[in-house]
Structures are given as C-alpha cells and as structure tokens.
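Number of protein chains: 2
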Amino acid sequence: MVKVAINGYGTIGKRVADAVALQDDMEVIGVSKTRPNYESKMAVQKGYNLYVGIPEREKSFAEAGIEISGTVDDMIEEADVVVDCTPGNIGPENLKKYQKAGVKAIYQGGEKHTLTGLSFNSFGNYADSLGKDCTRVVSCNTTGLTRSLKPIEDFVGIKKIRAVMVRRGGDPYQVNKGPINAVVPNPPTVPSHHGPDLATVMYGANIVTVALLVPTTLMHQHNLMVELRDDVSVDDIIDVWEKRSRILLLNAKDGLGSTAEFMEYAKELGRSRNDLFEIPIWKESINVVDGELFYMQAVHQESDVVPENIDAIRALLELEENNEKSIAKTNKAMGIL
Amino acid sequence: MVKVAINGYGTIGKRVADAVALQDDMEVIGVSKTRPNYESKMAVQKGYNLYVGIPEREKSFAEAGIEISGTVDDMIEEADVVVDCTPGNIGPENLKKYQKAGVKAIYQGGEKHTLTGLSFNSFGNYADSLGKDCTRVVSCNTTGLTRSLKPIEDFVGIKKIRAVMVRRGGDPYQVNKGPINAVVPNPPTVPSHHGPDLATVMYGANIVTVALLVPTTLMHQHNLMVELRDDVSVDDIIDVWEKRSRILLLNAKDGLGSTAEFMEYAKELGRSRNDLFEIPIWKESINVVDGELFYMQAVHQESDVVPENIDAIRALLELEENNEKSIAKTNKAMGIL
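Heads up: the sequence lines are chains B and P, in that order. Going from the first sequence to the numbering used here is simple: count from 1 and add 6. Going from the second sequence to the numbering used here is simple: count from 1 and add 6.
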C-alpha cells in the first residue's frame, strides 16, 4: 500500500483524500491544515490523521479541541508521495521539503509548469510521469479540454483549436469573490494562459484560448472550435466520445440545458459532495461545419481533477505502467461513468 | 420635418423617441403603449402624444388618469414613418396596417429578416434602404458585430469570423428573467442565428457564432476571432477603429476591466438613462496571431441600436443620400463619441 499524504485539506485536497481512501493500492496516512476550522474537525471525525500546516499554530488546534498527529514535516517523513493542494505560492518552498525528505510529489494546476517541468493528464501523457519524482496535474479547465480534445486528436488529427472559456467567478463557498452582475475578461488580453497549459499534456497542440469570468459559482463552461485534419461526421465524433470514460454526452432537451442542471444531475448520482468528475458535453452543440468541429462542454471545477490525481499517484509510484489500466481502476473505485 | 411615430414605448421605443426629439429634421408625433403603467404616465409628462396600443383598453388609461390622444391607428394615420418597437410576434400584423395607411416602417432585430426582406445597419448597408417602404434595424448583438467588423472588412478583408457571444440573461428591469447562478448555452446548438443575421447587413460575411446566457443584466460581451485576408498589425487595427465613430477603445487597466465598469463609465458621460450607444472594445484584448485578429467587446443591449434607428429613418425618407452624413448628424445631435 502506497502511503499518500495530502498537504492542504481544502477544495481539492479533501476530495483527493477521499478518492485515495477508495483505492485498494494506496492509503491516506495524513492530511494537513493550517487552521482549526470545520474542515479540520471533520477530517479528524472521518478518521484521517491531521497534521498542522504551520507548526506555530499547534496551540490553536489544541484550544479548538482538535486532536493532531504532528506537524506537516512529520507527515511528509512518513509518506511515499505527497499530493500538494496548498493554495497560493508556497508550492515552490514545499518542493524543497519534499526533495529533502526523499518523497515524491504531485502538484495542482495552480502551480506553474516550470516548478515541476512535467505536467500530467491521464489521457494526455500518463507514461511521461512513470517513476518520476514529481509532476503537476493540470488545472480543472485544462483537464476538461484534454478529456474531450485528446480522443479527437487521436481519431482524426487537429489543425487548430480555438476555445472561449466562460469561467465561474468563484467556488460555491467563496462568499467574497466576484464578479457580481458583470462579465470580466480575465485576462483582458488574448490569448489566455490556458492554451499553452494544454500543450504541457497534449504536446504540439495549436490552441488559442480566450477567458472570462461571469457571476456563477457552479461550473466553468467551454466553447470549442476545432479545425480537423480530415472530414468526419458528427456521428463519428459522438462514437469517439462515447467510447471514452470521464466524458458524458448529455442532451439539453432532457432538461439539462445549463450548468445548474448538470449539477442537479450530479446530485442524482448520489456521490459524496454531489461531485461531477466527468466532463459533460451538450450533445446538441456538437456540429461539424466546413471541416471544423464545434461543441460546448462544462467543467465541475471542484472535482474533475480528482481522478487524475489518483492516476498521477500510480504513475509516479509505477503502480500501473499503462494509463488505461489505471484509469479503469480509478473509475471503478470512484464509480465514474 | 418628418413625422415619426413610435409604436411600442418600451426599452427601445422610449430611447428612439428621445433620440428623434433631438434631431432637427424629424419630430415625434406620438408614441403608443398597451398598458397605463409608469412609462405611459412619464411619456405624457415628457410631452409626447400618447396613443393606446389596444383600443379596448382606452378606458383603463382614463381610469389611471392618463390623457391619451387616440388609438394606435390614429397615430399611424398621421405619421410619415412608424418605428415599430412592439414586442413578440405582432410585427407581421402591424405591417399590414402600415402598408394600408401608406406609411413607412422600421422594425427591430427581434423580427425576422424575412418580414421586411431588408435589414439595416448605418455602416453596413445604409444605401440599400434609401427610399424603401420598410426596413429592419438588426439586433443589438448584430449591430455590435457590424460596428467593429465592417471597418476591418473594408480595410483588410475577412476570410472567416468566429464569435462567442456571452449574453446578459435579462435587462436590468426584467426581474423574472434568468438564469440565476448558471451558464445556459442559448441556443444549445451551434451555430446560433446571430451569424446569418450579420450577413443581412454585411453581405457575404463568413461567420459562425456561438451564444450563451449568463446571470448578468448590464451588457452582452463578445469574443471575436477573425481570420484576415492579409497580414496587418495591432496598430493598424487600432488606427482603423480610432477613425470610426460609435466604437470606443477602452483600457481594462484604466479601471474598465468589466461590463459593470463600462456602464459606470457611461454614467460619467451624463447621458439620459446612462446609455452607452457606442460599442466599447477592450484595447488590451486586441491581438493579431498568425493572421487572425482577436478582440473582446461589449454591447449595451438597451441602447446601441438607437442611433441606427435614426439613420434608418433618414434612409427610408431619403433625408440623406450618404450614410456618413447621416451618421455624423445623428452623432452630433445625440452627443455620440
């Protein structure tokens, strides 16, 4: 059993912890938190060993009546691999700690590609992370793009991709984020960074992305325009996607005409936190005009990268040589469609 | 003085009425309203002759203490041209009335192109409406597209246009519209109808549009990707737009990074209703990559078509043969930048 530590038990970290716990080839040896808030309490109630992210704050956890197992450095010492889900800019500092302790590390898409020099997507470039010391699971948006684009690239080849990404302003719990009643080009420059990020896991991708923020919290929404290398039909595209996991083809006319309805659909799946790990594509939006594929999809920003984190653990620890085997194993354990 | 009647004194109608009143070659001979609400009262207070849109409701206006000048049929009889700003599907029925009364008519973008067989944009195809009996001012979105695309077409030629249009869910006063906290592909099919609509005023335009609704009320936002016929620089594009009226190049870094800030800018212009008749383009968003122009713009859906309605009146009545002269005259009277 590979020993996994989760550094940062927040939006992504808590989901990765639960997903690791569902696998039969790895276990959670601890999670870290910098503040004694409700998530810290609930981590302990769930049975996770809790470590204090900032050693000086040990006392505040004691005062809050939360039992801790030590500091984050203790946790790192015991782990085979750390999944770093810390926010902001402390990733680079943490990397030194991981290297010193001789522990492997997985970063999230909030960190720069240059930190690890290697990025990861289960479908895009699994093999390149095999046995490596550290890798970086690309962001929720880039993961969403890779999921739908890679099978098309493999099937017919892609000349050029244009994507306009309508991003949620904040996660549901982020009460102080915006915008309210506005559309915010973010960045106001074109292209955005998302295009180059795709090329870190789908090598050579020719992509231009445009990104903006809107006043919604549930999901990102992507509008794709993909020039293909050969002429194919809409049915061909649907066939390709139907064969892939972690993609859902859903019909607007079935009452699934918006991101809000996609999340209502996710509730009916009965999963923890109502997560939607898959990338839903509006089936009606799929069209091929003059050799160009158009479609619209959505991304549950809080959860879509979670299965990729599990696969990344298997790649770094060489638990599976083959990406399809890891994907199938992760999917089965997590109930992914 | 050309006698102008406004059939439907709502979002567009009341603005067109005020804009007509500012011109020295036309006058408002009446406005119509179907209900005795606050807009009816204020129209009379402003000095407009008010006509009842649905004759059977004359009594309800009297009961509300609103002085009326007759029914909509009386108004039509007196007019040289009717600007039809009625909602829904009563446009086709009205056309028969206008024809019977021998009065010219201008429709809005909510009506189909086939109703008039002729659409209008001041920059796109002014001359084609000269002396005609009726025309149709294209929608706020199509007007916004034409404003920025036509000068580029004239300058360098356009091979193909892709546009993703992030539309406001409802106008500020539409308290029962949505979405709330969702992104709604609208339509969920690609392409949307906006592309063909552009081709009704910018003949031969090769355009694919994708449209969606988001929870905001202030403005639409457009993301443009334009394949050019020749290589030009960003500065060339800026030069072209700077020479045109009804387009504003604004900097996100000047505190104008969103649609909400654009509307705050409009407030500072001190205009009636804080309208923004011009199409603001985020200057930082303008980029040319591999012969393709990218930019982001916004559309004040309540007001951008108003100056085009004034120009359309001049075209139908042949008050000005030349579009640039009409545009300059309208701009001066309305204080347009």
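Note that CB positions come from ideal geometry on N, CA and C, so glycine has one too. All values reported here derive from a predicted model rather than from experimental measurement.
Query                                                                                                                                                                         : Result
Nearest to Met225 (chain P) by alpha carbon, out of P:Ala188, P:Pro191, P:Met171?                                                                                             : P:Met171
Lys263 (chain B) CB to nearest chain P CB: under 8 Å?                                                                                                                         : Looking at the sequence itself, residue 263 (chain B) is Gly, so the reference to Lys does not match. Output row for Gly263 (chain B): interface = yes.
If you draw a straight line from the alpha carbon of Glu274 (chain B) to that of Asn280 (chain P), how long is it in whole angstroms?                                         : 45 Å
Answer with buried or exposed for Tyr44 (chain B), where buried requires no fewer than 16 other C-beta atoms within 10 angstroms of its C-beta.                               : exposed
Is Asn315 (chain P) close to chain B? Criterion is C-beta to C-beta, closer than 8 Å.                                                                                         : no
Counting along the chain, where does the beta strand (DSSP E) carrying His226 (chain P) start and finish?                                                                     : 226-234
Who are the Cβ neighbours of Val240 (chain P) in its own chain at under 8 Å, not counting the five residues just before and after it?                                         : Ile292, Asn293, Val294
Determine the contact status of Ala222 (chain B) and Val220 (chain P), defining contact as a CB-CB distance below 8 Å.                                                        : According to the sequence as given, residue 222 (chain B) is Thr; it is not Ala. Result yes, Cβ atoms of Thr222 (chain B) and Val220 (chain P) sit closer than 8 Å.
Three or more C-beta pairs under 8 Å: does that hold for the region 101-117 of chain P against the region 33-47 of chain P?                                                   : no
Using 10 angstroms around the beta-carbon of Met208 (chain B), count the other beta-carbons present and answer buried if the total reaches 16, otherwise exposed.             : buried
Does the structure place the region 67-75 of chain P close enough to the region 20-32 of chain P that three or more beta carbon pairs sit under 8 Å?                          : no
Run through chain P and tell me which residues come within less than 9 Å of Trp247 (chain B), C-beta to C-beta.                                                               : Within chain P, no residue comes near Trp247 (chain B); the closest Cβ sits about 16 Å away, beyond 9 Å.
Under 8 Å Cβ-Cβ, which residues of chain B neighbour Thr3 (chain P)?                                                                                                          : This structure cannot settle anything about residue 3 (chain P), because the visible part of chain P is limited to 7 through 343.
Flag this pair as yes or no: are the beta carbons of Tyr132 (chain P) and Asp317 (chain P) separated by less than 8 Å?                                                        : yes
Anything in chain B within Cβ reach of Arg279 (chain P), meaning under 9 Å, just list it in chain order.                                                                      : Within 9 Å Cβ-Cβ: nothing; Arg279 (chain P) doesn't reach chain B, min ~17 Å.
Given 8 Å as the limit, is there contact between the region 48-57 of chain P and the region 335-343 of chain B, that is, 3 or more CB pairs closer than that?                 : no
Going by Cα to Cα distance, which pick from B:Gly297, B:Leu255, B:Tyr54 is closest to Asn13 (chain B)?                                                                        : B:Tyr54
My output table needs one value for Lys138 (chain P): the three-state DSSP class, helix, strand or coil.                                                                      : coil
Which chain P residues sit within Cβ distance under 7 Å of Arg168 (chain B)?                                                                                                  : Arg168, Met231
Tell me whether the beta-carbon of His119 (chain B) lies closer than 8 Å to the beta-carbon of Thr206 (chain B).                                                              : yes
Does Val58 (chain B) pass the burial test, meaning 16 or more other C-beta atoms within 10 Å, or should it be called exposed?                                                 : buried
Leu224 (chain B) touches chain P at which residues, Cβ-Cβ below 9 Å?                                                                                                          : Asn187, Ala188, Val189
Report the residue from B:Ala258, B:Met7, B:Pro61 whose alpha carbon sits nearest the alpha carbon of Ile35 (chain B).                                                        : B:Met7
Over the uninterrupted beta strand (DSSP E) stretch that includes Ala165 (chain P), give me the two end residues.                                                             : Contrary to the premise, residue 165 (chain P) reads as Lys rather than Ala in this sequence. That run of the beta strand (DSSP E) goes 164-174.
Of the residues that make up the region 208-222 of chain P, which ones have a beta carbon closer than 7 Å to any beta carbon in chain B?                                      : Val214, Val216, Leu218, Val220, Pro221, Thr222
If contact means a Cβ-Cβ distance below 8 Å, which residues of the region 96-108 of chain B contact chain P?                                                                  : none
Got a sec: is the Cβ-Cβ distance from Met6 (chain B) to anything in chain P below 8 Å?                                                                                        : No answer is possible for residue 6 (chain B): the residues shown for chain B start at 7 and end at 343.
Could you tell me whether any Cβ in chain P is nearer than 8 Å to the Cβ of Val172 (chain B)?                                                                                 : yes
Between which residues of its own chain and Val162 (chain B) is the CB-CB distance below 8 Å, once the five residues before and five after are set aside?                     : Leu234, Arg235, Asp236, Val238, Asp242
Using only the alpha-carbon positions, how far apart do Met302 (chain P) and Leu322 (chain P) sit?                                                                            : 33 Å
In chain order, what residues of the same chain have a beta carbon less than 6 Å from the beta carbon of Asp260 (chain P), not counting five sequence neighbours either side? : none
Using a Cβ-Cβ distance under 8 Å, would Gln227 (chain P) count as near chain B?                                                                                               : yes
Assign Val181 (chain B) to buried or exposed, taking buried as 16 or more other Cβ atoms, counted over all protein chains shown, within 10 Å of its Cβ.                       : exposed
Using only alpha-carbon positions, find the residue among B:Tyr271, B:Gly276, B:Gly263 that is nearest to Glu290 (chain B).                                                   : B:Gly263
Under three-state DSSP, which class holds Asn177 (chain B)?                                                                                                                   : Note on identity: in this sequence residue 177 (chain B) is Asp, with Asn being the wrong assignment. Correct three-state label for Asp177 (chain B): coil.
So that I know if they touch, is there some Cβ in chain P lying closer than 8 Å to that of Ala258 (chain B)?                                                                  : yes
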